[in-house]
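A short worksheet on the structure shown next.
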Ligand SMILES: [Zn+2]
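Next up, the structure:
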């Protein structure tokens, strides 16, 4: 293999996390490999939801008010979506959010 392609190849095969830890918790940890992990608060993931209920399909504008989401929100269920993302259900009964792994890797983890 062309060595210059290695970083790109590595990023592609690393697109799926080894582990996602967050069920019942107020944060979700994505373990990408032994050296790379990201932790997001459940609240951060909830307000970043890109489903049709949270973002206008017509204007692309976020219609969800972050202030309407309780800080103490937790994850009630998680399911893999194909090999590209995870569906996360939250304690506010919101179940339609799908989080693409590629997009998560570009998000800045906090709290
Ligand atoms: Zn949503």
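Residue numbers (my numbering): 12 to 122. Quick reminder that beta carbons are idealized off the backbone N, C-alpha and C, glycines included.
Can you tell me which of the options puts its alpha carbon nearest to the alpha carbon of residue i?
| i | options | result |
| --- | --- | --- |
| residue 45 | 35, 29, 39 and 94 | 29 |
| residue 78 | 118, 63 and 59 | 59 |
Taking the straight line between their C-alpha atoms, what separation do you get for residue i and residue j?
| i | j | result |
| --- | --- | --- |
| residue 53 | residue 31 | 13 Å |
| residue 69 | residue 61 | 13 Å |
| residue 16 | residue 49 | 24 Å |
| residue 26 | residue 86 | 22 Å |
With DSSP as the reference, label residue i as helix, strand or coil.
| i | result |
| --- | --- |
| residue 15 | helix |
| residue 91 | strand |
| residue 122 | At residue 122 the pLDDT is 48, less than 50, meaning the model places this residue with poor confidence and gives no usable figure here. |
| residue 79 | helix |
Whose C-beta lies closer than 6 Å to the C-beta of residue i among residues of the same chain, with five residues either side of it excluded?
| i | result |
| --- | --- |
| residue 51 | 39 and 120 |
| residue 98 | 90, 92 and 109 |
By a C-beta neighbour count over all protein chains shown, 10 Å radius and 16 as the cutoff for buried, is residue i buried or exposed?
| i | result |
| --- | --- |
| residue 107 | exposed |
| residue 34 | exposed |
| residue 80 | buried |
| residue 123 | Look at the range of the chain in this structure, 12 to 122, and you will see that residue 123 is not part of it. |
| residue 115 | buried |
| residue 14 | exposed |
| residue 122 | Any reading at residue 122 is ruled out, since the residue's pLDDT is 48, under 50, leaving its predicted position unreliable. |
Can you give me the Cβ contacts of residue i inside the same chain, cut-off strictly under 8 Å, excluding the 5 residues immediately before and after it?
| i | result |
| --- | --- |
| residue 18 | none |
| residue 10 | The structure shown does not extend to residue 10, since the chain is modelled only from 12 to 122, so the question has no answer here. |
Within 7 Å (strictly less), CB to CB, does residue i reach chain C?
| i | result |
| --- | --- |
| residue 16 | The chain labelled as chain C is not found in the depicted structure, where only one protein chain is given. |
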